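Enquirer: Got a structure for you, written out below as structure tokens; questions coming shortly.
Number of protein chains: 2
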Amino acid sequence: MTDEFSIAACSRGLAARRFSARELIEASLERIAQRRELNCFISVLADRARADAEDADRRRAQGRSLGPLDGVPIGVKDNIDVAGSPATAGMATRRGHVPPQDAFCVAKLRAQGAIIIGKTNLHEAALGATSDNPHYGRCFNPHGASRTPGGSSGGSAAAVAAGLVPGALGTDTMGSIRIPASYCGAVGLKPTYGLVSNGGVCYVSWRLDHVGPLARSVEDAGLLLDGMAGFDPDCPDSRRAAARRPLGRRLGVLRNFEATAVAPAVREAFDRALGVPDRMGYRVETVEIPGYDPAYARRCGLLMVEADAALVHEKDLAGRPELFSDEARAMLDYGRRASAAKLAKAERVVVLAATGARRLLEELDALVSPTTPQTAFVFGEPVPDSQGDFTALANFAGCPAISVPMGADPAGMPIGLQLVGAPWSERGLLEIARSFERATRT
Amino acid sequence: MTDEFSIAACSRGLAARRFSARELIEASLERIAQRRELNCFISVLADRARADAEDADRRRAQGRSLGPLDGVPIGVKDNIDVAGSPATAGMATRRGHVPPQDAFCVAKLRAQGAIIIGKTNLHEAALGATSDNPHYGRCFNPHGASRTPGGSSGGSAAAVAAGLVPGALGTDTMGSIRIPASYCGAVGLKPTYGLVSNGGVCYVSWRLDHVGPLARSVEDAGLLLDGMAGFDPDCPDSRRAAARRPLGRRLGVLRNFEATAVAPAVREAFDRALGVPDRMGYRVETVEIPGYDPAYARRCGLLMVEADAALVHEKDLAGRPELFSDEARAMLDYGRRASAAKLAKAERVVVLAATGARRLLEELDALVSPTTPQTAFVFGEPVPDSQGDFTALANFAGCPAISVPMGADPAGMPIGLQLVGAPWSERGLLEIARSFERATRT
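Protein sequence lines, in the order shown, are assigned to chains A and B. For the first sequence, my numbering assigns the number -4 to the initial residue and increments by one for each residue that follows. For the second sequence, my numbering assigns the number -4 to the initial residue and increments by one for each residue that follows.
Structure below.
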């Protein structure tokens, strides 16, 4: 079995017949069982995965392999539908909810032979960033037993970082793929709005949610993204991919982010990382979005999220409010009860930030920043408000954004570097991310 | 002086030295004075216009004419800033408000020699479609003394239709350019969202408002649009124009509009107009936006408008509420007091309609319909709720939309035909509109 347990390595090993898909699935199931204390999975689909692996091996034996994902085990965040398996979204209201159909992106991955090995744990309703789930148990960061993996896609990030699966799907409303990627030392990619269908996803906000990959390398994130992207005529928020513009070798550092307090180790890692572009032949410029206050805009985005999510869970909130945690219910109630004028004002703030980011990215290849201002904290410590200060902007703007590891703090907690590109610039962004990955890999 | 008093005719006459700009301005001022009872203007800028005309004549004499708009008199809706002149937006709160700078689009027109001859009357705060203004007086339809010109750009449409000015600017949130164009027998064009800057406009909703031309012909509307369009770095909603796709000679009729009751004369005129595309070599297809209910979506849009407008007038609403009419205050108060969840739900309805329209327009050159379900009604009669049922969709989708005259009802009231195209398809849309104009001109 491969040491690295990456998608690319699994794919190469399968192609070279060094191991079978069935062996790969067994290895993944064994790793999941060995690290059960991390509580990465809400359900493990062992029987189905074994049967799928046998199909994959049969195809390969007949020379009909479906490509690089054929036979590779993947975790799927439990707010994304996998036909015939529970999809709880981390909520008590959805306990026992078994969708009849795969989400569009899951069906796409399956059609390419990817094997769904389990449904990963998450923050309740994907409405938070600790993955301290009151209904399905706390999920832990593999880098420190008492630490949060971040969230809301905590299970996916922890499973990938712990080497339980080579890749997993997450969803990201204001940072829910990139924050746990940063905290766990994984790569997390939030694609351009509309590139991956939200069909079959229990999303938080139709306008801010994005499905994307968590993986062990930039290369793997690209492979997984290719497998899940595509226009879905049944998803109103799905878009046909547009042409990307050529690269200009210019990166921007947002002056607006200076207002957010950043942990010293994160600051040092970021300063070191800023030496990389120079060696790549990239220019780094300080840029600014007029009037954009990251903390205020994040709070405005949160009101949009709360109002949109209150719609998603409207019936259960009215009929079974006792099934929500106090925290989740308070957020959704706030979304219901705030005034329309307050929401309209919040939306304007968010759109102005988004427009500012997109305008900068007409000239720059990417905006570069730490992914999060801090590293994974110990459960029980106060949750830092600023977790999403650097990530939310890409959701507002619908821009692709990736988090790649850039070292660790003195406690060994991973630090993430974020790159945000113009809409539809995924290819270019992945290229830049690979350069950083090579340079900052510890 | 030209009989037609169109922009193109004025332009040709000036170029051929058949009359001077100064004579043209005098003619326009005389017409305005003769039809004072229509109450089309809140202020007439006679002195400034005369001085500007003398400049235009001097330039022309020196062979330095600035193009087709140089020396042509234009009306500007009074919610659009003209430096040094009052800009009331039809509101008592803004009586005596004199902006120091031209709106971006006005400055563009001025730079091409267009002469602003006056500020046109409108519905209070541009929040309604009768132009029965409680502060600056009722504006009348030139086709019937007791009839509404529609609104909110009633003064601009009436002034153009009555031949007081060859062109005028309006703003359109859910139909406020096209409804009065339809009622008055003028051409009204709402451009693609972002093509014309909202800089210096007292808008209703930053996300639904569009500045555009009212004119006597499709050709004139195109000339005026060319003069006012352009990227404005200081307006966050301004966009760089994108390439338009080629025409495919397919038009769509929305089945969704069948739910709206249409006056018999409008129905007959529209049925006759549907014979035109066939003669142009265009195919007409019946199409549908899944789940789109025009009346419900229009009400949802109205909530967005009310919430956004409540922000625009936040200070005055709090400090000087007595200066608003009961009607306007009630709308703005509703926007303030409705719940965020209600607004979020409305926004989703509007975005789904918008996505549906844009998807249809990936295949079709235009959606064709009557502009309004009825013709101009007598002041005092109940205001039909359905006035904006056919127009609001283009605002939701950010698509360009034009209203061209297609005959009149038995009372002599003009009927309008609406064409809605894909974003940035103005050129193609104007071409199609010209074909209809030629065929339906009475």
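Glycine included, C-beta positions come from ideal geometry on N, C-alpha and C. Predicted model only: the values in this text are computed from it and were never measured.
Helix, strand or coil for Asn74(B), going by three-state DSSP, please let me know.
Expert: DSSP places Asn74(B) in coil when its eight states are reduced to three.
Enquirer: Kindly say whether Pro231(A), judged by its beta-carbon, lies nearer than 8 Å to any beta-carbon of chain B.
Expert: Yes, because at least one Cβ of chain B sits closer than 8 Å to the Cβ of Pro231(A).
Enquirer: Between the segment 217 to 229 of chain B and the segment 322 to 338 of chain B, can you find at least three pairs of beta-carbon atoms closer than 8 Å?
Expert: No: fewer than three Cβ pairs fall under 8 Å.
Enquirer: With a threshold of 16 other CB atoms inside 10 Å of the CB of Lys185(A), please say whether the residue is buried or exposed.
Expert: Answer is buried; the Cβ neighbour count reaches 16.
Enquirer: Please decide whether Leu359(A) counts as near chain B, where near means a Cβ-Cβ distance under 8 Å.
Expert: No, because no Cβ of chain B sits closer than 8 Å to the Cβ of Leu359(A).
Enquirer: Would you mind telling me which residues of chain B sit closer than 7 Å to Trp201(A), beta carbon to beta carbon, in chain order?
Expert: Under the 7 Å cutoff, chain B gives Arg343.
Enquirer: Which residues, taken in chain order from the segment 327 to 351 of chain B, show a beta carbon closer than 7 Å to some beta carbon of chain A?
Expert: Of all residues in the segment 327 to 351 of chain B, Gly330, Arg331, Arg332, Ala333, Ser334, Ala335, Ala336, Lys337, Leu338, Ala339, Lys340, Arg343, Leu347, Thr350 have a Cβ within less than 7 Å of some Cβ in chain A.
Enquirer: For Val206(A) versus Ile75(A), is the C-beta spacing smaller than 8 Å?
Expert: Taking 8 Å as the Cβ cut-off, Val206(A) and Ile75(A) qualify as a contacting pair.
Enquirer: Nearest by alpha-carbon distance to Arg31(A): which of Ala339(A), Leu159(A), Ala238(A), Ser212(A) is it?
Expert: Cα-wise, what sits closest to Arg31(A) is Leu159(A).
Enquirer: Across which residues does DSSP place Ala361(A) in a beta bridge pair?
Expert: Bridge partners of Ala361(A): Leu246(A).
Enquirer: Determine, for Asp303(B), whether the minimum Cβ-Cβ distance to residues of chain A falls below 8 Å.
Expert: At least one chain A Cβ lies under 8 Å of Asp303(B).
Enquirer: When DSSP labels each residue in this structure, what does Pro289(A) get in the three-state scheme?
Expert: Residue state, collapsed to three classes: helix.
Enquirer: Measure the Cβ-Cβ separation of Ala157(A) and Leu33(A) and say whether it is below 8 Å.
Expert: Cβ atoms of Ala157(A) and Leu33(A): closer than 8 Å.
Enquirer: Within the 8 Å Cβ cut-off, does Leu425(B) reach chain D?
Expert: Chain labels in this structure do not include chain D; the protein chains are A and B.
Enquirer: For Ala428(A), count the other beta carbons within 10 Å of its own beta carbon; 16 or more makes it buried, fewer makes it exposed. Which is it?
Expert: Ala428(A) should be labelled buried.
Enquirer: Looking at Arg353(A): is its Cβ nearer than 8 Å to the Cβ of Cys394(A)?
Expert: Cβ distance < 8 Å, so Arg353(A) and Cys394(A) count as in contact.
Enquirer: Could you have a look at Arg294(B) and say whether DSSP puts it in helix, strand or coil?
Expert: Residue state, collapsed to three classes: helix.
Enquirer: Report the three-state DSSP secondary structure of Thr166(A) (helix, strand or coil).
Expert: Thr166(A): strand per DSSP, three-state reduction.
Enquirer: Would you please state the rounded distance, in angstroms, between the beta carbons of Lys72(B) and Thr125(B)? I believe it to be under 8 Å.
Expert: Actually they do not touch by this definition, with Cβ atoms about 15 Å apart.
Enquirer: Express the C-alpha separation of Gly165(A) and Met(-4)(A) in angstroms, rounding to a whole number.
Expert: Below a pLDDT of 50, predicted positions are generally treated as unreliable, and Met(-4)(A), at 44, falls in that range; the measurement from the model is reported next regardless. When rounded, the distance between both Cα atoms is 26 Å.
Enquirer: Could you tell me which uninterrupted alpha helix (DSSP H) segments, each at least 4 residues in length, are contained entirely in the segment 143 to 196 of chain B, listed from first to last along the chain?
Expert: Here the runs fully enclosed are 149 to 156, 173 to 179.
Enquirer: Please return the same chain residues whose Cβ sits closer than 8 Å to the Cβ of Leu40(A), not counting the five positions on each side in sequence.
Expert: Closer than 8 Å at the Cβ level, and outside the excluded window around Leu40(A), lie Val77, Ser80, Ile111, Ile112, Gly113, Lys114.
Enquirer: Please check if any C-beta of chain B sits within less than 8 Å of the C-beta of Ala417(A).
Expert: Chain B contact via Cβ: absent.
Enquirer: Output the distance between the C-alpha atoms of Arg202(A) and Thr168(A), rounded to the nearest integer angstrom.
Expert: So the alpha carbons of these two residues sit roughly 9 Å apart.
Enquirer: Shorter than 8 Å from the beta carbon of Leu246(A) to some beta carbon of chain B?
Expert: It does not: the Cβ of Leu246(A) has no partner Cβ on chain B nearer than 8 Å.
Enquirer: Any idea what DSSP makes of Ile27(B), helix, strand or coil?
Expert: Helix, per DSSP.
Enquirer: Drop a sphere of 10 angstroms on the beta-carbon of Phe0(B), count the other beta-carbons inside from all chains shown, and report buried for 16 or more, exposed for fewer.
Expert: Under this definition Phe0(B) is a buried residue.
Enquirer: Under a CB-based cut-off of 8 Å, is Leu439(A) close to chain B?
Expert: Nothing can be reported for residue 439(A): it is not among the residues displayed for chain A, which extend from -4 to 437.
Enquirer: Give the residues of chain B in contact with Leu33(A), contact being defined as C-beta atoms less than 8 Å apart.
Expert: Correct list: empty, because the minimum Cβ distance to chain B is about 36 Å.
Enquirer: The beta strand (DSSP E) that contains Ile112(A), what's its start and end?
Expert: Looking at the DSSP string, the run of the beta strand (DSSP E) that includes Ile112(A) is 110 to 115.
Enquirer: Apart from the five residues on each side of it in sequence, which residues of its chain come closer than 6 Å, Cβ to Cβ, to Gly132(B)?
Expert: Closer than 6 Å at the Cβ level, and outside the excluded window around Gly132(B), lie Asn34.
Enquirer: On the three-state DSSP scale, how would you describe Pro395(B)?
Expert: Coil, per DSSP.
Enquirer: Strictly under 8 Å for the Cβ-Cβ distance: is Phe249(B) near chain A by that measure?
Expert: Sequence check: residue 249(B) is Leu here, not Phe. False, the Cβ-Cβ gap to chain A never drops below 8 Å.
Enquirer: Find out if the Cβ-Cβ distance for the pair Pro129(A), Ala152(A) is shorter than 8 Å.
Expert: Their beta carbons are not under 8 Å apart, which means Pro129(A) does not touch Ala152(A) by this criterion.
Enquirer: Classify Leu273(B) as buried or exposed, calling it buried when 16 or more other Cβ atoms lie within 10 Å of its own Cβ.
Expert: The amino acid occupying residue 273(B) in the given sequence is Asp; Leu does not appear at that position. Per the 10 Å Cβ criterion, exposed.
Enquirer: Residues of chain A with CB closer than 8 Å to the CB of Leu306(B), please, in chain order.
Expert: Simply Ala336, Ala339, Lys340, Arg343.
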